[in-house]
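Colleague:
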Amino acid sequence: MAGTNPTLRRRQLAGRLRELREQAGKSIREAAEQLECSPAKISRIETAQRGALPRDVRDLCLFYGVTDQAQIDALMTLAREAKQQVWWQETEDVDFRSFLGLEIDATSISEYETTTVPGLLQTEDYARAVIRGFLPGIDTDVLEERVTYRLRRQERMYGPRPPKYWVLLDESVLHRHVGGAGVMRRQLERLEKASELPHVTIQVIPFTVGAHMGFDSAFILLEFSDPTIGDTIYLDTLMGSFYLEKAKELERFRETLNHLRAVALSPQESAIRIARAHDGFAA
Numbered sequence: 000m001a002g003t004n005p006t007l008r009r010r011q012l013a014g015r016l017r018e019l020r021e022q023a024g025k026s027i028r029e030a031a032e033q034l035e036c037s038p039a040k041i042s043r044i045e046t047a048q049r050g051a052l053p054r055d056v057r058d059l060c061l062f063y064g065v066t067d068q069a070q071i072d073a074l075m076t077l078a079r080e081a082k083q084q085v086w087w088q089e090t091e092d093v094d095f096r097s098f099l100g101l102e103i104d105a106t107s108i109s110e111y112e113t114t115t116v117p118g119l120l121q122t123e124d125y126a127r128a129v130i131r132g133f134l135p136g137i138d139t140d141v142l143e144e145r146v147t148y149r150l151r152r153q154e155r156m157y158g159p160r161p162p163k164y165w166v167l168l169d170e171s172v173l174h175r176h177v178g179g180a181g182v183m184r185r186q187l188e189r190l191e192k193a194s195e196l197p198h199v200t201i202q203v204i205p206f207t208v209g210a211h212m213g214f215d216s217a218f219i220l221l222e223f224s225d226p227t228i229g230d231t232i233y234l235d236t237l238m239g240s241f242y243l244e245k246a247k248e249l250e251r252f253r254e255t256l257n258h259l260r261a262v263a264l265s266p267q268e269s270a271i272r273i274a275r276a277h278d279g280f281a282a
């Protein structure tokens, strides 16, 4: 699907342009002078924070000494495809738009949550209650738009090629009253059914574990089969969204995931704990 995903196309282009510049021994400032733009523009292109015009790609390739016209044409095609419109680009939330572009093509998703059920497993009523809880002053139209996008994200989980999805939940997520008892019952039923899917693994980290490596830091690891797309850690905080891709950063979070999987209940024990929590919300 990478060929139809403008977010991944932009990342592919960014990595290739950065690689060509470094091979040519050129600095970001020199590249900026060639395009008569700011160094910040080149930096944002190379980190996939913004797209590049095909003519800018052509000029950069020539500046970097690329003589293979087929290679230049391929990179210019990437630039065009990076500007295609897809459903998730309709949202006003730029940070969330970037995340959706990555999530939609990840082949493996590992998610650790400390406060809420992950968006990919939320029911409509639970999603609405969570969003309104985070943003009590949100306009109704904006709220409903966000709920719609959250539900649309879930379509891939039940499609022909779903990602491998490994969820680690703090036990408090099962007991926090979000939207009322009825909403919680239906949400926990959704978790129970999701845990039965062959591509989904759910583990609960019980209260008895106490402090641990992921004690205060929810995160998502997105992994890709395409070697030109780097694996990414996604952090969603009050200060904004952050994407971590450096080897040391990935190593640290993978270590945390391995630790959490080890201290969590087994998938079978977790299913029992979820069922028990569901019974606690019985009418």
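Under numbering that gives the first Met the number 0, the first residue of the sequence shown is numbered 0, with each subsequent residue one higher. Beta carbons are placed, not taken as given, at the ideal position from N, Cα and C, and that holds for glycine.
1) Between which two residues does the alpha helix (DSSP H) harbouring residue 139 extend?
2) Please list the terminal residues of the continuous alpha helix (DSSP H) segment that includes residue 132.
3) Smallest Cα separation from residue 165: which of 112, 131, 144, 142?
4) Tell me where the beta strand (DSSP E) around residue 219 begins and ends.
5) Between the C-alpha atoms of residue 108 and residue 50, what's the straight-line distance to the nearest angstrom?
6) Please report the residue range of the beta strand (DSSP E) in which residue 168 lies.
7) Please return the same chain residues whose Cβ sits closer than 6 Å to the Cβ of residue 234, not counting the five positions on each side in sequence.
8) Quick one: what's got a C-beta closer than 8 Å to residue 122's C-beta in the same chain, skipping five residues either side?
9) Would you mind stating whether residue 47 and residue 9 have Cβ atoms separated by less than 8 Å?
10) So, does the segment 56–63 touch the segment 18–35, judging by three or more C-beta pairs under 8 Å?
11) Our contact map puts residue 203 next to residue 263 with C-beta atoms below 8 Å; I'd like the distance itself, whole angstroms only.
12) On the three-state DSSP scale, how would you describe residue 240?
13) Runs of 4 residues minimum, wholly inside the segment 18–65: which ones carry the alpha helix (DSSP H) assignment?
14) Is residue 252 near residue 232, with beta carbons less than 8 Å apart?
15) Looking at the strands, I want to know which residues DSSP matches up with residue 108.
16) Do you know how far the Cα of residue 28 is from the Cα of residue 197?
17) How far does the beta strand (DSSP E) with residue 201 in it reach, from first residue to last?
18) So, is residue 269 buried or exposed, given that buried needs 16 or more other C-beta atoms within 10 angstroms?
19) Beta-carbon separation of residue 226 and residue 170 under 8 Å?
20) Given that a residue counts as buried once 16 or more other Cβ atoms are within 10 Å of its Cβ, and exposed if not, what is residue 278?
21) Looking at the structure shown, is residue 231 part of a helix, part of a strand, or coil, going by DSSP?
22) Can you give the Cα-Cα distance for residue 82 and residue 127, rounded to whole angstroms?
23) Thinking C-alpha only, which one of 267, 211, 280 is nearest residue 256?
24) For the alpha helix (DSSP H) that residue 258 lies in, which residues bound it at each end?
25) Return yes when the Cβ of residue 173 is within less than 8 Å of the Cβ of residue 276, no when it is not.
26) How many Å lie between residue 0 and residue 104 at the Cα?
27) Do residue 115 and residue 177 count as a contact pair if the criterion is CB distance below 8 Å?
28) Can you have a look at residue 193 and say buried or exposed, based on whether 16 or more other CB atoms are within 10 angstroms of its CB?
29) Apart from the five residues on each side of it in sequence, which residues of its chain come closer than 7 Å, Cβ to Cβ, to residue 14?
30) What's the call for residue 267, buried or exposed, on a 16-neighbour Cβ count within 10 Å?
Modeller: Taking the coordinates as given:
1) Going by DSSP, residue 139 is part of the alpha helix (DSSP H) stretching over 139–152.
2) Residues 123–133.
3) It is 112.
4) 218–222 is the extent of the beta strand (DSSP E) around residue 219.
5) Approximately 26 Å between the Cα atoms of the pair.
6) Start and end: 163–169.
7) Exclusion of the five residues before and after residue 234 leaves 218, 241 as the residues of its chain whose Cβ lies within less than 6 Å of its Cβ.
8) Around residue 122: 182, 185, 186, 189.
9) A distance below 8 Å separates the beta carbons of residue 47 and residue 9.
10) A contact is defined here as three or more CB-CB pairs under 8 Å, and the segment 56–63 meets this definition with respect to the segment 18–35.
11) So it is a contact: roughly 6 Å between Cβ atoms.
12) Note: residue 240 maps to strand in three-state DSSP.
13) Whole alpha helix (DSSP H) segments, 4+ residues: 27–34, 38–45, 53–62.
14) Yes. Within cutoff.
15) For residue 108, which the question treats as bridged, DSSP gives the partners 164, 221.
16) Taken atom to atom, the span from the alpha-carbon of residue 197 to that of residue 28 is near 50 Å.
17) Here the beta strand (DSSP E) through residue 201 covers 199–204.
18) The residue in question, residue 269, is buried, as its Cβ has 16 or more Cβ neighbours within 10 Å.
19) Result no, Cβ atoms of residue 226 and residue 170 do not sit closer than 8 Å.
20) Residue 278 should be labelled exposed.
21) In the three-state scheme derived from DSSP, where H, G and I count as helix and E and B as strand, residue 231 is classed as strand.
22) Going from the Cα of residue 82 to the Cα of residue 127 covers about 31 Å.
23) The shortest Cα separation from residue 256 among 267, 211, 280 belongs to 211.
24) Here the alpha helix (DSSP H) through residue 258 covers 246–262.
25) Cβ distance < 8 Å, so residue 276 and residue 173 count as in contact.
26) Because residue 0 carries a pLDDT of 40, less than 50, the predicted location of this residue cannot be relied on, and the following value inherits that uncertainty. For residue 0 and residue 104, the distance between alpha carbons rounds to 6 Å.
27) Yes, the pair counts as a contact, with Cβ atoms nearer than the cut-off.
28) Burial call: buried.
29) By the criterion of a C-beta distance shorter than 7 Å, residue 14 is surrounded in its chain by 227, once the five residues flanking it on both sides are discounted.
30) Answer is exposed; the Cβ neighbour count stays below 16.
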